[in-house]
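Here is the structure we will look at.
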Amino acid sequence: MSASVLPYTVKPHPVTGVYSGKLGTWLFLASEVMLFGAFFSTYVLLRVGAPTEGAAVWPTHEQTHLSWKIGGFNTLVLIISSVTMVLAWAQLKMNNFSKARLYLIVTFVLAGLFLVVKLTMEYYPKFEAGIRPSTNIFFAAYFVLTGLHALHIVGGMVVIGYFIGPGASLWKKDPEYFTNRIECTGLYWHFVDLVWIFLFPVLYLL
Amino acid sequence: MADSHADISKHVKLYIGVFAALAGLTIVTVLASQVDFSGPGHVVVALLIAGIKATLVAAVFMHLKWERSGWIWWPLVLCAFFFVVLMTLPTLVATESRDRAPAGTWDTIPVREAPAHSGGNAESGH
Amino acid sequence: MSHDEHHELSFIRKYVFSIDHKVIGIQYGITALCFLFFGFCLMMLMRWQLAYPGQELPVLGKLLGEEFFPGGVMTPDFYNSLGVMHGTIMIFLGVVPLLVGAFGNYVMPLQIGAPDMSFPKLNMASYWIYLCGGCVMLASFFVPGGAANSGWTAYPPLSVTATTGQTWWIIGMVFLITSSLLGSVNFIVTIVQLRAKGLTMFRLPFFVWSQLVTAFLLLLAFPPLEAAGVLQLADRVLGTSFFLPEGLVISGQQLVQGAVPSGGGNPILWQHLFWFLAHPEVYVLILPAMGIVGEIIANNTRKPLWGYRPIVYSSIFLGFMSFIVWAHHMFITGMGTSLSMFFATTTMIISIPSVVILTALVISLYKGSIRFNVPMLFALSFLPMFAIGGLTGLPLGLPASDIHLHDTYYVIGHFHYVVAPGTIFAIFAGVYYWFPKVTGRRMSEGLGKIHFWLSLIGMNGAFMPMFFVGIAGMLRRGYDPAAYAANENLLGMVKMSSWSVWMLGVAQLPFILNFFMSIVAGKKVSANPWEATTLEWSAPSPPPHGNFEAVPVVYRGPYEYSTDDRKDDFFPQHLQAEA
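Residue numbers (this note's numbering), protein chains in the order written: chain Y, 249 to 454; chain R, 132 to 257; chain A, 5 to 583.
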């Protein structure tokens, strides 16, 4: 209830020029940058510092069993989902709730598709072939990085699912508030896409 | 930020354009990885393309292009700076091992007979 | 108060799952004080083993069970667990939640004239996640092998090969980090968005500034540790080897992790990621403490803080620099000279803003008509205590002297002077100072003075000897100081430390008594018992839901004391100047 009396949850603050949710989301994303930064840094360090001989040598492309076709497909899926996400927001801005909802549903489905591809065509065959995170340092990094990214996708799906389902009722009460929430969700979603944009070349191509 | 309908439909066109660019760059980065560059060429090209794509997403989809609030920009600048600091870690650790005296260095230091110097400092080096 | 009170909230919504920043602040405060006392009790146990190594612990030794106290004597593993848990609990479950969670949550929104935090539900979530983290930490005492026992810094490879308690420690840490991250987002947004009309950034009380800088530190420094925690968890649970080098041999045995020894990791990486957080964390521990002390000094000298702007700029600079000094914790990892030089230089630079702040606080006392009440006594003693802690840190920031002092009791003495008589005294000062705002009653001055003097003696008696035994070479993590002939002459001072710690424990009894008695029987006071200027004192005590009776407007800076044109010697921020 006190949330309803707090100022600047919907309208931007006249001086700072943002509403609270947007600022909060950006700050959260800043911390996420540092989180993934630490992971990328670890990856670079382990790769550059990998021994050139012995059991712990960095695997070659053939040994990593990563197909750029699957990775590239998933990249496209995420990029499209990013576009549909931002289009959902644009439709809300143009007062077109049903179209916006459709775009949200498309985003949700695409996110699901990403996970299905990831699980059935990448993780599962690797487990079948006896590859585990403990197999070597590359797979340790691969599973932790992509696993954490996948968790972020799941988190995003929960939020998007909420706004397709029960959260949608806010549109009737306060359309501007709802639009803002979709914008913040979008910011997070684009960030998840952005992380993948780096993960794809680093893991699959280099 | 732009709010009227006309502006938003202009935005929509831009979004589609950016999407095309992102898809195109994804193909380019895959193709580039097939080309045989010498040395670190692969890494530079791949990260450059990823950087362009990331910039496009941040600027257009995340609306940073239209963002005027300093309270969003400053934390991001700060974050970018510390991100760079974080990314120097591999270099730091690499320098650590490079600066370190090679194994065996300290084996060859002559041991001095005891009470000549009470300090026993090993400044003789190599 | 009237506009949104349509119905009374149920007891649970009002006091347990509350979204009111004041209730959450109190929840944080009580929980964290309990953890603080618990962490202190762990230390009192450890001090027995140090003072009387190998002797049976009277009474408690039998009660604590054969597993950890065979024959009433503490096992080395349990001693290690106590060390880890003391450090972890004091820092992550006690001090930070008190400074940020309790004082930050309760006082900061009041000081900026806000009705609540920006995201009240997020605020509630951060408390409950913090509590979960705390419970996981406590539960880890009961897993096989006991709680984590690889040092509070959890250095691999030891931590990766340690008993199950370490896994619980990491999970607990992930909870605590998540809680801090949510909290810091909330703090920054609140300070940026919800300041009262007229309250520009340079009219903010210094306490609010310190919370803002602290929140940024938490926001940007904690995620790398979270990442490192996830990696260490993977090492322990999934059998990866992010932090295990190839060909690691432990006790003459080639290490075999899981099914396949994969290797290829780097133990130094953990240290980098850990200290990338843990150095900014030091300033998380000290900045809000400086904020509290600043408020109390301005109020009790009846003068504006001397050099308000330099103090603010210094704290921003301090926050910034704290990100690029971390490797001074790692001089003896075999780091090259050029790197050591860089980090030694940044470390010397970061001491400048700390000294600026401290000096400004000291100069603020000059020519003030000082009121020596209990909060002021604690705030005043903060100054020399923190100065001792800070100055003894300089030799640790220089590689040459650090090589000798590293891992000795000198280090323990140094950071405890910063955090224990420094920060914890500031916390006590804050408790005494804001208690009337929270409860509408004042704590007893008499009991408070007993608490203060005994604590001051106890703290110095406990930590001062550590500098001497440390310089003499006694190692910090040793289980049995008497085992080394070199420590023979130091045992007296170790005993002195221990007895001081136990006395310090006794010294907290008047505080506990005072705290609970004053809640029910303390002297009732008005809204502004200290005749202070900042906004929190313009709200009723205790403030109702929504905080202020009328939306406050601010007309002046935070510390307008003893202005010439007024009858009272203080000019509250929310009062308009008389024509």
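Beta carbons are placed, not taken as given, at the ideal position from N, Cα and C, and that holds for glycine.
Whole-angstrom C-beta distance between residue j and residue i, which should lie under 8 Å
i: residue 510 of chain A; j: residue 494 of chain A; result: Contact doesn't hold; Cβ gap of about 25 Å is too wide.
i: residue 382 of chain A; j: residue 456 of chain A; result: 6 Å
i: residue 316 of chain A; j: residue 213 of chain A; result: 5 Å
i: residue 342 of chain Y; j: residue 139 of chain R; result: 5 Å
i: residue 306 of chain A; j: residue 572 of chain A; result: Between residue 572 of chain A and residue 306 of chain A the Cβ distance is about 10 Å, and since that is not below 8 Å, they are no contact.
i: residue 338 of chain Y; j: residue 142 of chain R; result: 6 Å
i: residue 193 of chain A; j: residue 122 of chain A; result: 4 Å
i: residue 298 of chain Y; j: residue 401 of chain Y; result: In fact, because the Cβ distance is near 29 Å, the residues do not count as touching under 8 Å.
Rounded straight-line distance, which links the Cα of residue j to that of residue i
i: residue 4 of chain A; j: residue 302 of chain A; result: With chain A represented from 5 up to 583, any question about residue 4 of chain A goes unanswered, as that position is not in the structure.
i: residue 214 of chain R; j: residue 185 of chain A; result: 17 Å
i: residue 170 of chain A; j: residue 381 of chain Y; result: 20 Å
i: residue 205 of chain R; j: residue 327 of chain A; result: 16 Å
i: residue 579 of chain A; j: residue 559 of chain A; result: 7 Å
i: residue 250 of chain A; j: residue 283 of chain Y; result: 26 Å
i: residue 359 of chain Y; j: residue 268 of chain Y; result: 27 Å
i: residue 50 of chain A; j: residue 318 of chain Y; result: 56 Å
i: residue 311 of chain A; j: residue 99 of chain A; result: 27 Å
i: residue 475 of chain A; j: residue 429 of chain A; result: 26 Å
i: residue 308 of chain A; j: residue 211 of chain R; result: 37 Å
i: residue 273 of chain A; j: residue 225 of chain R; result: 11 Å
i: residue 340 of chain Y; j: residue 391 of chain Y; result: 37 Å
i: residue 320 of chain Y; j: residue 388 of chain Y; result: 21 Å
i: residue 15 of chain A; j: residue 379 of chain A; result: 33 Å
i: residue 385 of chain A; j: residue 412 of chain A; result: 26 Å
i: residue 433 of chain A; j: residue 490 of chain A; result: 40 Å
i: residue 487 of chain A; j: residue 61 of chain A; result: 18 Å
i: residue 262 of chain A; j: residue 164 of chain A; result: In this predicted model, residue 262 of chain A has a pLDDT of only 44, less than 50, meaning its place in the structure is not dependable; the value taken from the coordinates is given anyway. About 12 Å.
i: residue 217 of chain A; j: residue 162 of chain A; result: 34 Å
i: residue 255 of chain Y; j: residue 199 of chain A; result: 10 Å
i: residue 449 of chain Y; j: residue 335 of chain A; result: 36 Å
i: residue 106 of chain A; j: residue 324 of chain Y; result: 46 Å
i: residue 451 of chain Y; j: residue 217 of chain R; result: 20 Å
i: residue 32 of chain A; j: residue 524 of chain A; result: 20 Å
i: residue 464 of chain A; j: residue 502 of chain A; result: 12 Å
Per DSSP, the bridge partner or partners of residue i
i: residue 527 of chain A; result: A:446
i: residue 574 of chain A; result: A:565
i: residue 151 of chain A; result: A:169
i: residue 420 of chain Y; result: Partner(s): none; residue 420 of chain Y has no beta bridge.
i: residue 257 of chain A; result: A:254
i: residue 479 of chain A; result: A:412
Helix, strand or coil at residue i according to DSSP, with G and I counted as helix
i: residue 178 of chain A; result: helix
i: residue 305 of chain Y; result: coil
i: residue 201 of chain A; result: strand
i: residue 166 of chain R; result: coil
i: residue 263 of chain A; result: Residue confidence for residue 263 of chain A is low, a pLDDT of 39 falling below 50, so the modelled location carries little weight; the figure read from the coordinates is stated next. Coil, per DSSP.
i: residue 557 of chain A; result: strand
i: residue 181 of chain R; result: helix
i: residue 545 of chain A; result: coil
i: residue 160 of chain A; result: coil
i: residue 283 of chain A; result: helix
i: residue 239 of chain A; result: helix
i: residue 224 of chain R; result: helix
i: residue 436 of chain A; result: helix
Q) Are three or more beta carbon pairs between the segment 535 to 542 of chain A and the segment 168 to 179 of chain A nearer than 8 Å? A) no
**Q.** Sufficient close CB pairs (3 or more, under 8 Å) joining the segment 265 to 285 of chain A to the segment 222 to 231 of chain A
**A.** Short answer: they touch.
Q: Pair every Cβ in the segment 34 to 54 of chain A with every Cβ in the segment 78 to 94 of chain A, then say whether three or more of these pairs are closer than 8 Å.
A: yes
(Q) Using 8 Å as the cut-off, can you tell me whether the segment 148 to 158 of chain A makes contact with the segment 77 to 89 of chain A, which would need three or more C-beta pairs spanning the two stretches below that distance? (A) Taking a cut-off of 8 Å for Cβ pairs, the segment 148 to 158 of chain A and the segment 77 to 89 of chain A touch, as three or more such pairs fall below it.
Q) Counting pairs of beta carbons, one from the segment 398 to 409 of chain A and one from the segment 65 to 81 of chain A, are three or more of them closer than 8 Å? A) Flag = no, the segment 398 to 409 of chain A and the segment 65 to 81 of chain A do not touch.
Q.
I'd like to know if the segment 418 to 431 of chain Y and the segment 366 to 379 of chain Y are in contact, where contact means that at least 3 CB-CB pairs between them fall below 8 Å.
A. no
Q | the segment 150 to 158 of chain R in contact with the segment 305 to 314 of chain Y per 3-pair CB rule at 8 Å | A | no
(Q) Below 8 Å, how does it come out for the segment 188 to 204 of chain R and the segment 257 to 267 of chain Y: are there three or more Cβ pairs, yes or no? (A) yes
Q. Are the segment 434 to 443 of chain A and the segment 357 to 367 of chain A in contact at 8 Å, needing three or more beta carbon pairs?
A. no
Q | Stretch-stretch touch, CB-based, cutoff 8 Å, three pairs: the segment 242 to 256 of chain A with the segment 206 to 223 of chain A | A | no
Q.
Below 8 Å, how does it come out for the segment 232 to 240 of chain A and the segment 133 to 153 of chain A: are there three or more Cβ pairs, yes or no?
A. no
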